[in-house]
DNA sequence: CCCTTCCAGTGGTATGACCACTTTCAACCA
DNA sequence: TGGTTGAAAGTGGTCATACCACTGGAAGGG
């Protein structure tokens with residue numbers, strides 16, 4: 016009979032996916048394990064080899080399999096680089112999602128900084144500190160400055176020592192890195208921006224060192240809010256200038 | 016000659032991917048556009064249909080294509096829902112990460128509840144409220160109670176109206192749903208738990224209605240912390256009882 | 001005019017064959 | 001005896017062809 020051939024009444028591709036989900040959750044497949052050959056797997060799952068290959072390819076694209084020609088397919092720890100590819104594509108399609116991704120960034124950082132206040136060690140402090148120094152040295156260079164700003168925030172998230180938060184942060188980081196630089200280019204000419212940047216970041220840093228979660232989160236939120244404010248001001252300035260000097 | 020057949024000297028699958036990357040970034044393929052049929056595409060790209068299908072499947076899994084049986088493949092705006100698949104597989108690989116995922120949950124909810132205070136409308140209020148009522152009705156049933164607890168928190172996140180946060184929450188929620196029920200089963204017998212659950216959730220709800228972000232986040236964090244506390248107590252109780260009454 | 005039926009086009013699956021790469025090991029030569 | 005070589009087996013990579021299942025519209029009948 017055509018139905019209930021193996022165990023699932025699922026058809027085709029979905030059968031393969033559910034098989035892997037089960038195997039992984041049950042622990043039958045561990046990291047580094049080698050899968051059966053495509054021919055054996057297709058036979059045992061009751062699907063054709065092309066169908067099986069479509070599923071394996073998809074899993075490989077998500078980063079869960081490492082398929083090597085002539086050797087076989089191996090279970091791999093999913094790596095985040097897929098997600099950065101994904102976000103890059105999606106940004107090309109709808110640039111307006113960046114604002115919303117910012118909400119995710121704020122969420123992650125605010126929780127991570129609380130954890131950092133509890134968990135960070137001296138090595139974390141010195142790492143964050145060095146990025147802060149770097150940030151102060153590059154105030155006049157939008158590109159290097161944006162990069163330093165970005166790595167400063169990354170080091171805070173890392174100091175939280177939560178794999179889940181770090182993973183999520185990395186997933187959106189490719190977008191954030193670019194936006195850091197763009198923002199710097201926008202706001203570099205706003206009066207008082209240099210002093211503000213130094214003070215804001217230093218206060219955030221000091222709150223972590225003081226191991227005061229409430230203060231740290233509060234400072235960080237203020238930092239984000241004021242950053243928004245500066246960006247609005249720079250837009251206003253740009254448009255005002257455009258009105259009096261229509262061409263560049 | 017075998018090489019330089021079309022334009023790229025790439026072979027097979029990679030040729031298909033690079034083709035789509037170019038088409039998408041160049042704007043030749045817009046949202047909602049219908050792709051050529053698999054047979055035509057395969058012919059025009061100089062690859063076989065199975066190979067083309069592997070690539071299309073992978074793109075569909077990443078959310079960039081919507082393939083419909085009998086109709087064709089359409090270019091789709093990739094939403095962030097791929098993250099759900101990603102995290103499902105991801106955590107299947109390392110089940111011990113579940114405690115850490117809780118940090119992600121806290122991060123998302125605390126930011127979402129702040130947004131909810133600004134953005135939520137009457138419909139959101141009534142939805143959250145109804146889930147709160149449901150929660151109060153199911154205090155004695157660990158399963159239904161855990162489910163109600165879960166949906167209450169979901170409705171808060173939805174009220175924040177941030178697609179990125181909602182998606183991330185969905186991604187980790189499949190794990191959390193199970194843990195909600197398990198926790199209820201653990202803590203259902205702890206003295207005072209019923210009153211606490213009602214009060215804590217009601218206060219969180221009222222803070223949202225009052226549109227007070229700081230209070231709402233504070234209550235929510237307390238809720239999480241006290242939940243931890245209750246769980247610890249129940250463990251202590253269970254082990255103490257086990258010492259005096261070794262069986263069951 | 002509406003409903004039914006059929007058909008062409010599409011994705012979904014299956015089969016079998018062949019190619020390219022990797023590893024192994026046995027045969028061969030020094 | 002020891003080292004080198006190359007043949008064979010097993011793997012993923014690709015291809016061609018055929019057929020099935022679903023969709024939608026056109027042609028036919030009521």
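Protein chains in written order, with our numbering: chain W, 16 to 263; chain G, 16 to 263. C-beta: ideal position from N, C-alpha, C; glycine also. Remember, predicted model here, so these are calculated numbers, not experimental data.
Please classify residue i as buried or exposed, where buried requires at least 16 other C-beta atoms within 10 Å of its C-beta.
i	result
residue 51 of chain G	exposed
residue 20 of chain G	At residue 20 of chain G, the pLDDT of 34 sits below 50, so the modelled position is not reliable and the matter cannot be decided from this model.
residue 198 of chain W	buried
residue 164 of chain W	buried
residue 59 of chain G	exposed
residue 55 of chain W	exposed
residue 188 of chain G	buried
residue 30 of chain W	buried
residue 73 of chain G	buried
residue 146 of chain W	buried
residue 84 of chain W	exposed
residue 231 of chain G	buried
residue 93 of chain W	buried
residue 222 of chain W	buried
residue 114 of chain G	exposed
residue 214 of chain G	exposed
residue 112 of chain W	buried
residue 251 of chain G	exposed
residue 244 of chain G	exposed
residue 247 of chain W	exposed
residue 105 of chain G	buried
residue 234 of chain W	buried
residue 22 of chain G	Note on residue 22 of chain G: pLDDT 41, under 50, position unreliable in the model; the coordinate value appears next. It counts as exposed.
residue 229 of chain W	exposed
residue 253 of chain W	exposed
residue 135 of chain G	buried
residue 236 of chain W	buried
residue 170 of chain W	buried
residue 262 of chain G	With a pLDDT of 45 at residue 262 of chain G, under the threshold of 50, the modelled position of that residue is not reliable, and no figure is offered here.
residue 41 of chain G	exposed
residue 34 of chain W	buried
In terms of DSSP beta bridges, what is residue i paired with?
i	result
residue 49 of chain W	W:89
residue 40 of chain W	DSSP output for residue 40 of chain W lists no bridge partner at all.
residue 82 of chain W	W:88
Run the proximity test for residue i: is its beta-carbon closer than 8 Å to any non-hydrogen atom belonging to the ligand ZN?
i	result
residue 142 of chain G	As presented, the structure is devoid of all ligands, the ligand ZN included, so that no description of it is given.
Throw me the rounded Cβ distance for the residue i and residue j pair, which I believe falls under 8 Å.
i	j	result
residue 32 of chain W	residue 88 of chain W	Between residue 88 of chain W and residue 32 of chain W the Cβ distance is about 15 Å, and since that is not below 8 Å, they are no contact.
residue 121 of chain G	residue 118 of chain W	Not really, about 15 Å apart at Cβ, beyond 8 Å.
residue 90 of chain G	residue 47 of chain G	6 Å
residue 161 of chain W	residue 196 of chain W	3 Å
residue 172 of chain W	residue 241 of chain W	Actually they are not in contact, since the Cβ atoms of residue 172 of chain W and residue 241 of chain W sit about 20 Å apart, beyond 8 Å.
residue 202 of chain W	residue 249 of chain W	5 Å
residue 219 of chain W	residue 238 of chain W	6 Å
residue 44 of chain W	residue 53 of chain W	At roughly 16 Å, the Cβ-Cβ gap does not stay under 8 Å, so residue 44 of chain W and residue 53 of chain W are not in contact.
residue 39 of chain W	residue 183 of chain G	Not quite, the Cβ-Cβ distance comes to about 21 Å (not below 8 Å), so this is no contact.
residue 57 of chain W	residue 64 of chain W	4 Å
residue 191 of chain W	residue 167 of chain W	No, residue 191 of chain W and residue 167 of chain W are not in contact; Cβ-Cβ is about 12 Å, not under 8 Å.
Are at least three pairs of beta-carbons, each pair with one atom in the region 174 to 184 of chain G and one in the region 117 to 136 of chain G, less than 8 Å apart?
-> Counting C-beta pairs closer than 8 Å gives three or more between the region 174 to 184 of chain G and the region 117 to 136 of chain G, which meets the contact rule.
Three-pair Cβ contact test at 8 Å for the region 199 to 213 of chain G versus the region 148 to 159 of chain G = Result yes; three or more Cβ-Cβ pairs closer than 8 Å.
Between the region 71 to 87 of chain G and the region 132 to 146 of chain W, do at least 3 Cβ pairs fall closer than 8 Å?
-> Contact check between the region 71 to 87 of chain G and the region 132 to 146 of chain W: fewer than three CB pairs, one atom from each, fall below 8 Å, which does not count as touching.
Quick one: complete beta strand (DSSP E) runs, 3+ long, within the region 213 to 238 of chain G?
-> With a minimum length of 3 residues, no continuous beta strand (DSSP E) run stays inside the region 213 to 238 of chain G.
At which residue ranges does the region 136 to 210 of chain G contain complete alpha helix (DSSP H) runs of 4 or more residues, listed in the order of the chain?
-> List check, alpha helix (DSSP H) in window: 137 to 152, 157 to 174, 178 to 202.
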